[in-house]
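Just so you know, the sequences run in chain order A and B. Once you know that position 71 of the first sequence is 71 in our numbering, the rest is easy, because the numbers rise by one and skip nothing. Once you know that position 704 of the second sequence is 928 in our numbering, the rest is easy, because the numbers rise by one and skip nothing. Where a beta carbon is used, it is the ideal one built from N, C-alpha and C, also for glycine. Worksheet: one structure, shown below.
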Amino acid sequence: MVELMLSVRELGISYGATIVLSGLDLSLARGEAVAVMGPSGSGKSSLLACVTGMMLPTHGRVEVAGHVVSEMKASARTSIRRTTLGLVFQDPDLLPELNVEENVALTLLFDGYRRDRALAQARQALADVGLEEHAAKRTDEISGGQAQRVALARALVRPEMSLLVADEPTASLDAANAHKMIDLLLARTRAVGAAALIATHDRAVAEACDRVLMIRELAAEVAS
Amino acid sequence: MTTVKLGWRLAFSGDVRQRWRQVSVVLAGFAVTVMVLLALGMLQMAQESDSRIAARSPLWASGPGDARLYLSTRGLTLAGFGQFPVVWLDPVAGHENAPAIVPPGLSRLPGPGEAVLSQGLVEHGWTAEDFGLRSSTAGEGPGGAIGSIGLSTESEGWIYARPAPGRSLGTGGALLAFRGYPESEKAGISGGDDFGRFETIPEVPRSSATALGVVWMLLAPAVFLLFGGARAMSSVRDARAQTLWRLGVASGRVRLLLATETVLLAMAGALPAIVLWVFMLSRVTRVPLTVATLKPGALSYPLWMAVSAVLVTVLAAAVFATVGRIRDRSISRDARTVRPWHAIPLVVAFAMMAIGPWLSPTSGLRLPLLFGGLLLTFAALPMALPALVAQLGTQLGRSSRPAIWLAGRRLALRSANLARPAAMVGALVFVAGAAFALYDRLVATEENFGSNTSFAAFNVSWRDARPGDLTAVKSLASSLAVLPVEAAQDGSQRVPFNSCAELQRWVHPPRIRQCTADNIVTREFSSYFASMTRSTPVIGTSRNADPAAAFVIGSFGTTEQDVMKAFAGRPAVNINPIGGLSKTRNPQAGWMLAGWTLASLLLTTALIREIGDRGLSSMRDIPHLLRLGLTRKQIDQSYRWSLLPPVAVAIPIGFAGAVFFALLGYELGVTINNLGRIALVAGIASGIALATFAAVFAIQHRIADLTE
Numbered sequence: 001m002v003e004l005m006l007s008v009r010e011l012g013i014s015y016g017a018t019i020v021l022s023g024l025d026l027s028l029a030r031g032e033a034v035a036v037m038g039p040s041g042s043g044k045s046s047l048l049a050c051v052t053g054m055m056l057p058t059h060g061r062v063e064v065a066g067h068v069v070s071e072m073k074a075s076a077r078t079s080i081r082r083t084t085l086g087l088v089f090q091d092p093d094l095l096p097e098l099n100v101e102e103n104v105a106l107t108l109l110f111d112g113y114r115r116d117r118a119l120a121q122a123r124q125a126l127a128d129v130g131l132e133e134h135a136a137k138r139t140d141e142i143s144g145g146q147a148q149r150v151a152l153a154r155a156l157v158r159p160e161m162s163l164l165v166a167d168e169p170t171a172s173l174d175a176a177n178a179h180k181m182i183d184l185l186l187a188r189t190r191a192v193g194a195a196a197l198i199a200t201h202d203r204a205v206a207e208a209c210d211r212v213l214m215i216r217e218l219a220a221e222v223a224s
Numbered sequence: 225m226t227t228v229k230l231g232w233r234l235a236f237s238g239d240v241r242q243r244w245r246q247v248s249v250v251l252a253g254f255a256v257t258v259m260v261l262l263a264l265g266m267l268q269m270a271q272e273s274d275s276r277i278a279a280r281s282p283l284w285a286s287g288p289g290d291a292r293l294y295l296s297t298r299g300l301t302l303a304g305f306g307q308f309p310v311v312w313l314d315p316v317a318g319h320e321n322a323p324a325i326v327p328p329g330l331s332r333l334p335g336p337g338e339a340v341l342s343q344g345l346v347e348h349g350w351t352a353e354d355f356g357l358r359s360s361t362a363g364e365g366p367g368g369a370i371g372s373i374g375l376s377t378e379s380e381g382w383i384y385a386r387p388a389p390g391r392s393l394g395t396g397g398a399l400l401a402f403r404g405y406p407e408s409e410k411a412g413i414s415g416g417d418d419f420g421r422f423e424t425i426p427e428v429p430r431s432s433a434t435a436l437g438v439v440w441m442l443l444a445p446a447v448f449l450l451f452g453g454a455r456a457m458s459s460v461r462d463a464r465a466q467t468l469w470r471l472g473v474a475s476g477r478v479r480l481l482l483a484t485e486t487v488l489l490a491m492a493g494a495l496p497a498i499v500l501w502v503f504m505l506s507r508v509t510r511v512p513l514t515v516a517t518l519k520p521g522a523l524s525y526p527l528w529m530a531v532s533a534v535l536v537t538v539l540a541a542a543v544f545a546t547v548g549r550i551r552d553r554s555i556s557r558d559a560r561t562v563r564p565w566h567a568i569p570l571v572v573a574f575a576m577m578a579i580g581p582w583l584s585p586t587s588g589l590r591l592p593l594l595f596g597g598l599l600l601t602f603a604a605l606p607m608a609l610p611a612l613v614a615q616l617g618t619q620l621g622r623s624s625r626p627a628i629w630l631a632g633r634r635l636a637l638r639s640a641n642l643a644r645p646a647a648m649v650g651a652l653v654f655v656a657g658a659a660f661a662l663y664d665r666l667v668a669t670e671e672n673f674g675s676n677t678s679f680a681a682f683n684v685s686w687r688d689a690r691p692g693d694l695t696a697v698k699s700l701a702s703s704l705a706v707l708p709v710e711a712a713q714d715g716s717q718r719v720p721f722n723s724c725a726e727l728q729r730w731v732h733p734p735r736i737r738q739c740t741a742d743n744i745v746t747r748e749f750s751s752y753f754a755s756m757t758r759s760t761p762v763i764g765t766s767r768n769a770d771p772a773a774a775f776v777i778g779s780f781g782t783t784e785q786d787v788m789k790a791f792a793g794r795p796a797v798n799i800n801p802i803g804g805l806s807k808t809r810n811p812q813a814g815w816m817l818a819g820w821t822l823a824s825l826l827l828t829t830a831l832i833r834e835i836g837d838r839g840l841s842s843m844r845d846i847p848h849l850l851r852l853g854l855t856r857k858q859i860d861q862s863y864r865w866s867l868l869p870p871v872a873v874a875i876p877i878g879f880a881g882a883v884f885f886a887l888l889g890y891e892l893g894v895t896i897n898n899l900g901r902i903a904l905v906a907g908i909a910s911g912i913a914l915a916t917f918a919a920v921f922a923i924q925h926r927i928a929d930l931t932e
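Now the structure itself:
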């Protein structure tokens with residue numbers, strides 16, 4: 001039986017009277033990468049917010065690695081987000097007060113890992129994305145592309161991570177860096193045995209994934 | 225014009241993200257403008273008061289032939305009113321009509337045996353007759369009272385009196401000879417040796433004390449509020465500056481836009497403030513917490529000065545708002561702006577205060593150094609604190625607890641920003657401790673050693689004593705025992721009572737026998753009486769009594785005014801209370817209290833504003849950290865750890881500064897040194913600051929919960 005890292009059933013999201021998504025079904029198996037595409041305002045970010053537990057759907061069910069996040073309390077969803085999900089955003093969102101390896105180790109430290117163990121794990125994650133030698137640098141001493149790879153290392157730092165969720169991870173990068181970034185993201189995701197859900201406008205990114213989910217088409221179908 | 229238009233739109237943007245900045249800058253503009261205008265008014269008032277005091281300070285005669293006026297001053301204390309001078313005037317023969325000897329506020333000298341009272345005494349219902357004198361119409365004020373030109377304030381006590389017909393101020397002793405009053409009220413303002421000054425404690429502080437007070441308690445806290453307010457956070461403003469800069473607009477133009485936005489917002493606060501000042505505040509004649517009634521318009525000054533003050537305030541806000549970055553720059557560069565040497569001004573301030581007591585007692589630098597150190601401590605605290613907080617942050621950054629570790633890293637690199645709320649707390653504590661040390665010294669009075677007696681006693685003396693004076697007084701004062709005074713061989717004072725019965729009538733201590741069966745004062749009673757009055761009681765007739773002195777005993781509650789009235793006709797009566805007195809007030813303590821209150825209000829407002837800024841900043845951080853998977857509890861913990869340690873550093877520094885000032889000020893006679901009381905007041909101020917923190921946290925938490 002295929003092990004599902006993400007299972008979305010009959011998902012509906014509304015903002016007041018405005019229906020953004022309705023009746024969306026989506027499954028991701030271990031090792032699978034799905035690109036979510038669609039025009040701005042189509043509901044890509046809302047879908048990702050429901051998957052990561054940052055918002056609750058209006059109706060429907062979201063299950064991540066066996067955890068029904070759509071039925072969990074906020075604190076439990078936060079815990080799932082920290083332990084089971086890896087998140088990468090358009091902006092790397094690195095904390096400027098911390099150096100590179102501390103940024104990667106941040107959630108481990110807050111989970112009570114011993115500092116040396118957390119930092120060792122962070123350095124390993126940085127090595128996996130090719131940034132080992134930058135571990136002790138300040139965040140303003142690395143380039144934008146490197147910062148985005150640090151964010152990827154941060155998302156992949158936990159061995160128990162099951163689902164990588166990326167929202168426009170290449171939007172702030174040039175074509176060459178975007179290409180490298182998406183290759184790395186998919187390779188590392190598969191290497192750790194996780195699945196990846198990537199919202200993007202970039203057709204090249206979508207083509208690198210196993211499947212593409214066009215939100216607008218889906219919504220249109222549902223509407224019809 | 226484009227800049228002004230853009231600035232206007234930005235300043236008064238309807239975007240909710242600009243709201244906090246709008247409130248902050250407008251409020252700071254309003255409060256600071258009021259404070260600056262008030263400070264100018266206070267200085268104007270003090271200078272005017274100094275001029276009036278100078279005008280009533282007569283010019284010493286250079287020699288006997290130069291004297292046109294003899295003068296003797298006495299202090300008189302009235303219960304519920306305070307102490308004031310009674311100035312006895314005695315013109316030198318041939319100069320009775322010389323205009324120069326007429327004090328300001330009088331059209332002529334009062335006639336012999338007459339007195340002119342100040343308006344403040346008249347309004348309290350006193351008349352010259354209450355003091356054993358006849359009312360004069362020589363005053364230029366309403367009802368013959370002393371005219372305003374001769375008074376520091378409308379409410380102060382002052383009496384000009386002339387010896388009764390046929391009497392004078394006599395000769396010798398402390399008789400003072402003068403040429404007359406200065407022609408210009410500015411003439412004696414320097415208070416040089418050429419002028420005699422006979423003030424008790426004026427109701428309005430002197431110019432130098434006022435200048436110190438307004439700088440310390442009004443302007444410096446106002447600058448703190450304006451600095452923070454002008455730099456209030458607004459993501460709209462930041463984004464606008466970023467966008468323009470990215471589009472290639474010159475930094476100067478971007479700064480001009482930001483300055484315009486700040487000027488417009490500050491003006492929105494300053495304009496109501498100036499209207500309030502011109503039409504209301506400048507016309508007040510009573511300042512809350514003080515006892516003085518000011519002359520109408522005492523706080524007012526030319527409109528151009530007010531407008532200039534407002535312009536300076538608004539421009540200062542613009543400068544504060546535009547100094548520093550207009551685009552994002554790295555935190556590490558930000559961190560480099562905090563250096564350990566930033567703590568040096570605080571060390572210099574402490575050193576300045578410490579030097580004073582080591583200087584010669586005659587040195588004129590002792591108090592300027594002490595108060596210079598006080599001002600520098602206040603100004604240096606916000607500068608020194610980030611340097612100390614950065615050090616603390618480095619230590620906390622080594623913690624194994626992640627919330628503390630993260631907070632420590634933030635403190636180490638963002639101490640200039642994160643220490644600002646704590647700097648306000650430190651300033652609050654410092655002001656509380658130092659102001660209380662000064663205030664308590666002003667209100668402290670010597671223990672009234674006879675206040676628990678059943679009688680009141682006075683040593684009384686007068687000038688130009690004549691035989692029969694004492695008998696005449698006795699006949700006028702049936703409710704008082706008027707006794708002669710003898711000097712004992714050991715230098716002490718003996719008071720002969722006519723009989724034990726007389727003694728027992730006035731003084732009856734519990735469980736102490738006054739006399740033996742042989743009509744001799746008991747040793748026990750003698751000790752008791754001496755402890756109360758510093759005089760030795762004896763029974764018998766006087767042999768070598770001082771003809772110009774008396775010992776007066778009355779029932780408890782007898783006042784100096786009662787005694788003065790009883791000595792009607794005696795010139796320059798000097799009454800020295802030695803028992804059963806009510807405390808006298810120090811009219812300047814009220815000004816200290818008012819200044820302290822205003823400083824505390826300004827600093828508390830600045831504190832709330834700074835915490836608000838921190839809250840907004842954290843509300844930006846919270847979603848970011850939540851996305852990374854940190855829990856709300858963890859984020860809150862880290863937030864608290866980044867705010868409270870700076871407070872824990874600021875409170876001891878503020879307290880230490882206050883204690884240091886109090887101890888050194890005590891050496892110079894201007895403060896108390898009761899550390900327990902100072903600690904209590906500083907503790908209350910700290911408690912208020914922490915309660916403010918807690919309240920603002922709670923409100924922000926509630927808002928964050930609602931918006932999540």
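Residues of the segment 619-636 of chain B whose Cβ lies closer than 8 Å to any Cβ of chain A, in chain order: SER624, PRO626, ALA627, TRP629, LEU630, ARG633, ARG634, ALA636. Interface annotation, GLY38/A: not in contact with chain B, CB-CB separation never under 9 Å. In the displayed model, GLN738/B falls within coil according to three-state DSSP, outside both helix and strand. The beta-carbon separation of GLY657/B and ALA882/B, rounded to 2 Å, stays under the 8 Å limit for a contact.
Residue-level contact check: ARG851/B touches chain A, since one or more beta carbons of chain A fall below 9 Å from its beta carbon. Under the three-state reduction of DSSP output, GLU338/B falls in the strand class. Spanning the alpha carbons of VAL62/A and LEU156/A requires a straight line of approximately 22 Å. Distances from the alpha-carbon of GLY781/B to those of GLU748/B, TRP730/B, LEU283/B put TRP730/B closest. In the three-state reduction of the DSSP assignment, TRP284/B falls in the strand class. Straight-line measurement puts the Cα of VAL247/B at about 35 Å from the Cα of GLY53/A.
Counting other Cβ atoms within 10 Å of its Cβ, GLU427/B reaches 16 or more and is therefore classed as buried.
Under the Cβ criterion of 9 Å, LEU840/B is not counted among the residues facing chain A. The beta-carbon of LEU106/A is placed less than 9 Å from the nearest beta-carbon of chain B. In this structure, DSSP gives SER162/A a state outside helix and strand, which the three-state scheme calls coil.
For PHE89/A, there is no enclosing alpha helix (DSSP H), as DSSP marks it with neither H nor E. Counting along the chain, the unbroken alpha helix (DSSP H) around ASN177/A starts and ends at 175-191. In this chain, ALA194/A is not harboured by any beta strand (DSSP E), its DSSP state being neither H nor E.
Only ARG638 from the segment 638-664 of chain B bring a Cβ to less than 8 Å from some Cβ of chain A. Closest by C-alpha distance to PRO159/A, out of LEU108/A, MET37/A, GLU97/A, ARG77/A, is LEU108/A. ASN99/A is bridged by DSSP to ARG138/A. Rounded to whole angstroms, the Cβ separation of TRP382/B and SER342/B is 4 Å, and the two are in contact under 8 Å. By alpha-carbon distance to SER639/B, the top candidate from ALA651/B, ARG563/B, ALA681/B, TYR294/B is ARG563/B. The C-alpha of LEU840/B is placed about 11 Å away from the C-alpha of VAL920/B. In the DSSP assignment, THR297/B falls outside any alpha helix (DSSP H) and within the unbroken beta strand (DSSP E) covering 293-302. Close to MET54/A, with beta-carbon spacing below 8 Å, are these residues of chain B in chain order: LEU850, ARG851.
Between the segment 452-470 of chain B and the segment 478-498 of chain B there are three or more C-beta pairs closer than 8 Å, enough to call the two in contact.
Taking a Cβ-Cβ threshold of 7 Å, none of the residues of chain A is close to GLN242/B; the smallest such distance is about 23 Å. Your pair ARG644/B and GLU834/B checks out as a contact, with CB atoms roughly 5 Å apart and the cut at 8 Å. For GLY404/B, the secondary structure class from DSSP, reduced to helix, strand or coil, is strand. Of the residues assessed, ILE744/B falls on the exposed side of the cut-off, its CB having fewer than 16 other CB atoms within 10 angstroms. GLY60/A: member of the beta strand (DSSP E) spanning 59-64, first to last residue. One alpha carbon belongs to TRP582/B, the other to TYR890/B, and they sit about 13 Å apart. Chain order gives the chain B residues near ARG81/A as LEU850, ARG851, LEU852, GLY853, where near means a beta carbon separation below 9 Å.
ASP167/A counts as buried, since at least 16 other C-beta atoms from the protein chains shown sit within 10 angstroms of its C-beta.
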